[in-house]
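There are 2 protein chains.
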Amino acid sequence: MAVLPLSVEKVIEELGKLPGVGPKSAARMAYHFLRSTRKDATRLANVLLEMDSKVISCGKCFNVSDTPTCSICDSPLRDPKTLCVVEDPLDVVAFENAGIYKGVYFVLGGLISPADGIGADELRFKELKARITELLDQDSSLEIIIAVNPSLEGEATASYVKDLVANLPEHDMVTVTRLAMGLPTGADLEYADQLTLKRSFEGRSML
Amino acid sequence: MAVLPLSVEKVIEELGKLPGVGPKSAARMAYHFLRSTRKDATRLANVLLEMDSKVISCGKCFNVSDTPTCSICDSPLRDPKTLCVVEDPLDVVAFENAGIYKGVYFVLGGLISPADGIGADELRFKELKARITELLDQDSSLEIIIAVNPSLEGEATASYVKDLVANLPEHDMVTVTRLAMGLPTGADLEYADQLTLKRSFEGRSML
Chain A
1 MAVLPLSVEK VIEELGKLPG VGPKSAARMA YHFLRSTRKD ATRLANVLLE
51 MDSKVISCGK CFNVSDTPTC SICDSPLRDP KTLCVVEDPL DVVAFENAGI
101 YKGVYFVLGG LISPADGIGA DELRFKELKA RITELLDQDS SLEIIIAVNP
151 SLEGEATASY VKDLVANLPE HDMVTVTRLA MGLPTGADLE YADQLTLKRS
201 FEGRSML
Chain B
1001 MAVLPLSVEK VIEELGKLPG VGPKSAARMA YHFLRSTRKD ATRLANVLLE
1051 MDSKVISCGK CFNVSDTPTC SICDSPLRDP KTLCVVEDPL DVVAFENAGI
1101 YKGVYFVLGG LISPADGIGA DELRFKELKA RITELLDQDS SLEIIIAVNP
1151 SLEGEATASY VKDLVANLPE HDMVTVTRLA MGLPTGADLE YADQLTLKRS
1201 FEGRSML
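Chains as they are written, first to last, in my numbering: chain A, 1 to 207; chain B, 1001 to 1207.
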């Protein structure tokens, strides 16, 4: 005998597909909806449908957008001489929240990961190449900042981008940089892993 | 400048209302939807709307149901001489999954909690009283099993039910029991809290 109505089981199943949500938390969430008097389930349903119908990819940077070009690419205040290459839209959010960057972005849509079967063809390298050419048409110099996670997949992706740029006819107009690796704020040197310590040592700067 | 489209921000806001979901996990979930090619957002939206339109409370036990009386209350195989009083529908799921109980349930909809401003009037005690009378009309004896969490709120609720039964004219036809308290399976006696140890000691049984 099914304990919960089928319609509730279906909600639990869908919620269970979310990252970090197991069957027990999915059940707790479904129950939260059932208990709520403010029709939270209907509200969430409506905003999900609205998002699915409105959100597209920015034609320039492939960030999520509800306009053909996103507000960052459209802004005359952003410097088109620096292009920050990131994995996904949440990385753009992280940069924007830090308020440290005034250039434009390019969202790859993932990192090269042979273990997960994600090769270069699955990512937006063709589009990245086109975007670099387009930016170089407007200006005679470009810095490409590779801002990916310091993981094996990040390393593979970074060197792919480096090679891609090296093979461009305009490669001498482009500088490729990447985010510094080292100790994070508040870290305890004693507990830092060996690679972090190595990178932090290699990247030491003058005081 | 808003970094994410408004329609995405709205989804993050609604997801952030779920139990155990902070702003960062809500953003990750929203991004999961944006990344999914299988229209997961629309699927979740549809099942949420279906749940909100179909699910009602069982008229007898107040468990969630998509029929006026739930499948448990409707079943001729369930014993109406035992009534298990629980806090919420997920407790019914836990009992049913354990497969140890063949009686019927009553879902209170919460526990008495003065700290959260939940008094007896907020819970289904009037309905519980009516249900007890109804069951006693069918049979001359009834065991009420109080199956609530062993917390302050659980204690308060349990003694409220006990008093409620004691004040019934048919109180001598009713036995009120509650779940045993003691060491859980796999527990280490050394690390058990004092109350658990006390309850476990008091409730010791013959070998």
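All C-beta atoms in this analysis are idealised placements derived from N, C-alpha and C, irrespective of residue type, glycine included.
Practice task
Keeping to the same chain, check which residues put their C-beta closer than 6 Å to that of I12 (chain A); ignore five residues upstream and five downstream.
Solution key: Hits under 6 Å: A26, A27 and A30.
Handout entry: Burial state of G1154 (chain B), where buried means 16 or more other Cβ atoms lie within 10 Å
Key = Looking at its Cβ environment, which holds 16 or more other Cβ atoms inside 10 Å, G1154 (chain B) is buried.
Handout entry: Proximal residues to P89 (chain A) (C-beta, below 7 Å), its chain only, five neighbours per side dropped
Key = N63, V64 and V107.
Handout entry: Beta-bridge pairing of G1203 (chain B) - partner residues as DSSP gives them
Key = For G1203 (chain B), no pairing in a beta bridge is given by DSSP.
Exercise for the section: Using the Cα positions of D1188 (chain B) and E1087 (chain B), report the straight-line distance between them to the nearest angstrom. Expected result: Cα to Cα, D1188 (chain B) sits roughly 28 Å from E1087 (chain B).
Practice task
Have a look at I1144 (chain B) and K1081 (chain B) and give me their C-alpha separation to the nearest angstrom.
Solution key: Spanning the two alpha carbons is a distance of roughly 9 Å.
Handout entry: Residue from A:D66, A:L48, A:G59 and A:I100 whose Cα sits closest to the Cα of R78 (chain A)
Key = Ranked by Cα distance from R78 (chain A), the first of A:D66, A:L48, A:G59 and A:I100 is A:I100.
Problem - Pairwise C-alpha distance: T1133 (chain B) and C1058 (chain B) - result: C-alpha of C1058 (chain B) to C-alpha of T1133 (chain B): approximately 17 Å in a straight line.
Problem - Helix, strand or coil at V1011 (chain B) according to DSSP, with G and I counted as helix - result: Reduced to three states, the DSSP call for V1011 (chain B) is helix.
Handout entry: 8 Å Cβ cut-off: residues of chain A touching A1045 (chain B)
Key = Going along chain A in sequence order, the residues near A1045 (chain B) (Cβ under 8 Å) are L44, A45, N46, L48, L49 and D52.
Handout entry: Whole-number beta carbon distance between T1042 (chain B) and D52 (chain A), since they are thought to touch under 8 Å
Key = So it is a contact: roughly 5 Å between Cβ atoms.
Exercise for the section: Compare the C-beta of I1146 (chain B) against all C-beta atoms of chain A and say whether one is closer than 9 Å. Expected result: No, no contact with chain A.
Exercise for the section: Give me the Cα-Cα distance between E96 (chain A) and V1003 (chain B), rounded to the nearest whole angstrom. Expected result: Taking the straight line from one Cα to the other gives about 7 Å.
Exercise for the section: Note down, in chain order, each residue of its chain lying with its Cβ closer than 7 Å to the Cβ of S136 (chain A), except the 5 sequence neighbours on either side. Expected result: Note that residue 136 (chain A) is Leu in the sequence shown here, rather than Ser. Around L136 (chain A), the same chain offers L142, E170 and M173 as residues with beta carbons nearer than 7 Å, after the five sequence neighbours per side are excluded.
Handout entry: Where V93 (chain A) falls: helix, strand or coil (DSSP)
Key = Shown here, V93 (chain A) sits in a helix according to DSSP, grouped into three states.
Handout entry: Reduced DSSP category for T82 (chain A) - H, G, I as helix; E, B as strand; rest coil
Key = Looking at T82 (chain A) - three-state DSSP - the assignment turns out to be strand.
Practice task
Using a threshold of 9 Å, state whether the C-beta atoms of L1083 (chain B) and R1131 (chain B) are closer than that.
Solution key: Yes, the Cβ-Cβ distance between L1083 (chain B) and R1131 (chain B) is below 9 Å.
Problem - Selected residue, minimal CA-CA separation from I1112 (chain B), among B:K1060, B:N1167 and B:E1122 - result: Comparing alpha carbon positions, the residue from B:K1060, B:N1167 and B:E1122 closest to I1112 (chain B) is B:E1122.
Handout entry: 6 Å Cβ shell around P1150 (chain B) - same chain, five flanking residues per side excluded
Key = Apart from the 5 residues on each side of it in sequence, P1150 (chain B) sits with its Cβ closer than 6 Å to the Cβ of M1181 in its chain, given in chain order.
Handout entry: Cβ-based neighbour list, L1049 (chain B), same chain, cut-off 7 Å, excluding 5 preceding and 5 following
Key = So no residue of the chain qualifies.
Handout entry: Local conformation of V1107 (chain B) per DSSP, three classes
Key = DSSP places V1107 (chain B) in strand when its eight states are reduced to three.
Exercise for the section: With a 10 Å radius around its C-beta and 16 neighbouring C-beta atoms as the bar for buried, classify A1094 (chain B) as buried or exposed. Expected result: A1094 (chain B) comes out exposed.
Exercise for the section: For A1166 (chain B), count neighbouring Cβ atoms within 10 angstroms of its own Cβ and tell me buried if that reaches 16, exposed if not. Expected result: It is exposed - the Cβ of A1166 (chain B) has fewer than 16 other Cβ atoms within 10 Å.
Practice task
In angstroms with no decimal places, state the Cα-to-Cα distance between F1201 (chain B) and L1195 (chain B).
Solution key: Approximately 10 Å, taken between the alpha carbons.
Practice task
Given a cut-off of 9 Å, decide if A1158 (chain B) and D1091 (chain B) are closer than it, judged by their beta-carbon atoms.
Solution key: A1158 (chain B) is positioned such that its CB atom lies no closer than 9 Å to that of D1091 (chain B).
Exercise for the section: Under 9 Å between beta-carbons, which chain B residues line up against E190 (chain A)? List them in chain order, please. Expected result: Residues of chain B whose Cβ lies closer than 9 Å to the Cβ of E190 (chain A) do not exist, since the nearest Cβ in that chain is about 28 Å away.
Exercise for the section: Look at the Cβ atom of C73 (chain A), then the Cβ atom of K54 (chain A), and state whether they are nearer than 9 Å. Expected result: Contact: no.
Exercise for the section: Could you name the residues that DSSP lists as bridge partners for V55 (chain A)? Expected result: The partner list for V55 (chain A) (beta bridge, DSSP) is empty, contrary to what the question assumes.
Problem - DSSP three-state assignment for R1028 (chain B), whether helix, strand or coil - result: The DSSP-derived three-state label of R1028 (chain B) is helix.
Practice task
Output the residue ranges of the beta strand (DSSP E) runs that lie fully inside the stretch 114-188 of chain A and measure 3 residues or longer, sorted by chain position.
Solution key: DSSP runs (the beta strand (DSSP E)) wholly in the stretch 114-188 of chain A: 142-146 and 174-178.
Practice task
Give a yes or no on whether the C-beta atoms belonging to V1085 (chain B) and L1128 (chain B) are separated by under 9 Å.
Solution key: Yes. Within cutoff.
Exercise for the section: Tell me, please, whether the CB atom of I1118 (chain B) is closer than 9 Å to any CB atom in chain A? Expected result: No, I1118 (chain B) lies away from the interface with chain A (no Cβ there is under 9 Å from its Cβ).
Handout entry: Beta-carbon proximity check, L1179 (chain B) vs A1192 (chain B), cutoff 9 Å
Key = Contact flag unset, no.
Practice task
With DSSP as the reference, label S250 (chain A) as helix, strand or coil.
Solution key: Nothing can be reported for residue 250 (chain A), as the shown portion of chain A is limited to 1 through 207.
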